[in-house]
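Numbering (the numbering used here), first residue to last: 216 to 614. Where is the CB? At the ideal position from N, CA and C, for every residue including glycine.
Right, dumping it as structure tokens:
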């Protein structure tokens, strides 16, 4: 179990370093918020499709040897990221990295977690949170060191991740050696099995099936007006978030700040989120606390309007304050959303999660275009959509 925790720790370090890097590189190549939005969309789309496909494959395959393959592929894609100067290649790497990263995450979650599931899941996420902060701090160091040294730090953090990941499957591989079975042949058979499951799940993902289907988004559910109304406020909330949050990277770079401030924004938000999760669980009336949390975030979306005209320290204070508010309110949004979904329409919880991710990805894609051509209207539009979502949310669920 310690091996899995260690693997997850380094996995989250890599994830924390890479997530902002894709957006940073998109801006450095194009100097366009549109391209930043497109790359953010590619990242989220990879997670949406990967979660649906790899989640089921992880539960069906007894062997976890391909966990090691997923770790290596993630690192190789990350290496290509540093040498990519083409936006199409950057988007392709973003999609593939996000897609494969989910497979590694799923394997780490499912591998060995047969007893004390709740306790172990809580523990692994806690360790992952620490790893994520370490990764962001490594990214923050780009203000003081060269990008080549950052790449070296990423490589060094990848090595123990790969070694720990290999250790999780080492005994199984050695067992095959002792049996006299050629390991490459065995892995090849395993990959064929994975491919078969992958094609099967991919077909399910894009097919229009009945409500008995196990696809991520059973479309027959959404054909019911009442059912669609249940999901509408969640769609509006996440779409509004997707419009603005990925473009913070564009704003920071457009104002002349370097990459370290992108990581500083992420660190501020991450630290506030950790506090938010702990405080939400101690609140007796979660629904009553949701309203002030919403209003606080909504006001800060409005306050972002003058950010386009601010410069220097004033801009930095506003952006970091928004990062803090983003993090401190996210716990209220996430836990309230999950609680309402499970309480009001448990059978469509998976549908709801999938729609949230899709709404955020579409918002990420649209946000770049709006910021490029309409400037401050991006924040006004986002705040308006968020308010409409809040009113529907309150009316639909009487919160």
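Taking the alpha-carbon of residue i as reference, which of the options has the nearest alpha-carbon?
| i | options | result |
| --- | --- | --- |
| residue 354 | 519, 443, 479 | 479 |
| residue 557 | 612, 546, 593 | 612 |
| residue 534 | 520, 497, 227, 229 | 520 |
| residue 555 | 454, 473, 265, 449 | 449 |
| residue 352 | 459, 468, 461, 486 | 486 |
| residue 578 | 444, 597, 310 | 597 |
| residue 628 | 470, 461, 235 | Summary: the structure shown does not reach residue 628, with the chain confined to residues 216 through 614, and so no result is reported for it. |
| residue 186 | 263, 508, 518 | Nothing in the structure corresponds to residue 186, since the chain is present only between 216 and 614. |
| residue 232 | 477, 314, 458 | 477 |
| residue 251 | 559, 468, 489 | 468 |
| residue 342 | 459, 253, 489 | 489 |
| residue 237 | 459, 224, 254 | 254 |
| residue 235 | 499, 492, 599, 461 | 461 |
Let's test the definition: count the other Cβ atoms within 10 Å of the Cβ of residue i and tell me whether it reaches 16, buried, or not, exposed.
| i | result |
| --- | --- |
| residue 483 | buried |
| residue 256 | buried |
| residue 463 | buried |
| residue 316 | buried |
| residue 497 | exposed |
| residue 301 | exposed |
| residue 345 | exposed |
| residue 571 | buried |
| residue 227 | buried |
| residue 588 | exposed |
| residue 503 | exposed |
| residue 601 | buried |
| residue 347 | buried |
| residue 444 | exposed |
| residue 586 | buried |
| residue 590 | exposed |
| residue 350 | buried |
| residue 457 | buried |
| residue 265 | buried |
Suppose you measure from the CA of residue i to the CA of residue j; what does that come to, to the nearest Å?
| i | j | result |
| --- | --- | --- |
| residue 260 | residue 595 | 26 Å |
| residue 437 | residue 574 | With a pLDDT of 44 at residue 437, under the threshold of 50, the predicted position of this residue should be treated as unreliable, though the coordinate-derived value follows. Those two C-alpha atoms are separated by around 15 Å. |
| residue 506 | residue 536 | 20 Å |
| residue 475 | residue 603 | 35 Å |
| residue 452 | residue 583 | 18 Å |
| residue 318 | residue 525 | 42 Å |
| residue 494 | residue 546 | 9 Å |
| residue 607 | residue 568 | 18 Å |
| residue 501 | residue 551 | 7 Å |
| residue 230 | residue 446 | 29 Å |
| residue 312 | residue 581 | 22 Å |
| residue 263 | residue 473 | 30 Å |
| residue 258 | residue 245 | 17 Å |
| residue 248 | residue 465 | 6 Å |
| residue 516 | residue 605 | 14 Å |
| residue 508 | residue 548 | 8 Å |
| residue 481 | residue 553 | 23 Å |
| residue 559 | residue 529 | 44 Å |
| residue 610 | residue 454 | 19 Å |
| residue 310 | residue 523 | 30 Å |
| residue 499 | residue 492 | 14 Å |
| residue 576 | residue 459 | 11 Å |
| residue 599 | residue 225 | 40 Å |
| residue 223 | residue 527 | 38 Å |
> Would you call the region 508 to 527 and the region 540 to 549 in contact, with 3 or more CB pairs under 8 Å?
Replying inline: Segments in contact, yes.
> Would you call the region 302 to 316 and the region 227 to 244 touching, i.e. three or more CB-CB distances under 8 Å?
Replying inline: Per the Cβ contact rule, the region 302 to 316 is in contact with the region 227 to 244 (3 or more Cβ pairs under 8 Å).
> Considering only residues of the region 486 to 568, which uninterrupted beta strand (DSSP E) runs meet the minimum length of 3 residues and lie entirely inside it, listed in chain order?
Replying inline: Scanning the region 486 to 568 for uninterrupted beta strand (DSSP E) segments of 3 residues or longer gives nothing; none is fully contained.
>> As an exercise, report each continuous beta strand (DSSP E) stretch of at least 3 residues that is fully enclosed by the region 576 to 604, in chain order.
In response: Within the region 576 to 604, no beta strand (DSSP E) run of at least 3 residues lies entirely inside it.
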